[in-house]
C-alpha cells in the first residue's frame with residue numbers, strides 16, 4: 001500500500017484534443033452518457049492561455065463533461081493546426097495510452113459502442129463474471145475501444161475480485 005503524498009487530492013480531469021467537437025459531443029454525451037456541468041469555453045488571442053498551454057497564437061473551443069467520478073475536458077484547436085492522429089496508433093507507443101471507464105454493464109455499453117460503428121479491439125469476455133446463488137457477482141471483464149478519432153478507451157465492469165480494485 002502506498003502512502004498519500006502531501007498536496008495531491010486526486011485526478012480532477014483528463015484533457016483530450018479532437019479534430020471535431022460535434023462528433024466528440026456525440027461520443028461522450030450520447031454514446032457514453034456523460035453530463036456537461038459547466039458552460040463551454042472558447043478562446044483566441046489570449047496571451048495568458050497561450051502561456052499555460054505552451055502554444056503561441058492558440059485558439060480553441062472546449063467542453064467539460066462528467067462520467068461518474070471523472071471529468072473530461074475536450075478541446076478542438078483551430079490554431080495552431082493539428083497534425084493528424086494515426087487512428088490505429090498502438091497502445092505500446094509512448095504517452096498516454098488509454099482512459100479506463102468503469103461501467104455497471106459492460107455488455108450494454110459495448111452494444112452502444114458497436115451500434116455507433118466505433119472500433120472495438122475485441123468483445124468483452126463475459127464468462128469472467130459469475131453470479132453466486134445469493135446474487136453476488138464476482139470477477140471482471142473489459143475491452144479496449146476507440147472513439148471517432150482513434151483515441152483508445154477501456155470499458156470495465158468490476159465486481160468482487162482480488163485481481164483489480166473498483167473505483
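Numbering (the UniProt record's numbering), first residue to last: 1 to 167.
The beta carbon of each residue, even a glycine, is placed where N, CA and C say it ideally should be.
The model shown is predicted, which means the values in this text are computed figures rather than measured ones.
Take residue i and list the residues in its own chain whose beta-carbon comes closer than 8 Å to its own, dropping the five residues that flank it on each side.
i	result
residue 156	100, 101, 102, 103, 106, 140, 141, 142, 164
residue 33	67
Run through the DSSP bridge pairs and tell me what residue i is partnered with.
i	result
residue 214	Residue coverage of the chain in this structure runs from 1 to 167, which leaves residue 214 outside it and unanswerable.
residue 153	99, 145
residue 58	Paired residues: none, contrary to the question.
residue 17	75
So what does DSSP say about residue i, is it helix, strand or coil?
i	result
residue 78	strand
residue 32	coil
residue 161	coil
residue 133	coil
residue 2	coil
residue 89	coil
residue 12	coil
residue 72	strand
residue 42	strand
Pop quiz: residue i and residue j are said to be a contact at Cβ under 8 Å. What is the actual Cβ separation, rounded to whole angstroms?
i	j	result
residue 20	residue 76	7 Å
residue 128	residue 137	11 Å between Cβ atoms; not a contact.
residue 69	residue 167	6 Å
With 16 as the cutoff for other CB atoms within 10 Å, does residue i come out buried or exposed?
i	result
residue 184	The question about residue 184 has no answer here: the residues shown for the chain are numbered 1 through 167.
residue 189	Missing from the structure shown is residue 189; the chain here goes from 1 to 167 and no further.
residue 58	buried
residue 94	exposed
residue 96	exposed
What does a CB cutoff of less than 7 Å around residue i pick up in its chain, not counting 5 residues either side in sequence?
i	result
residue 60	42, 43, 75, 76, 77, 78
Beta-carbon within less than 6 Å of residue i's beta-carbon, same chain only, minus the 5 sequence neighbours each way: which residues are those?
i	result
residue 37	66
residue 116	31
residue 15	73
residue 150	85, 87
residue 154	98, 100, 142, 144
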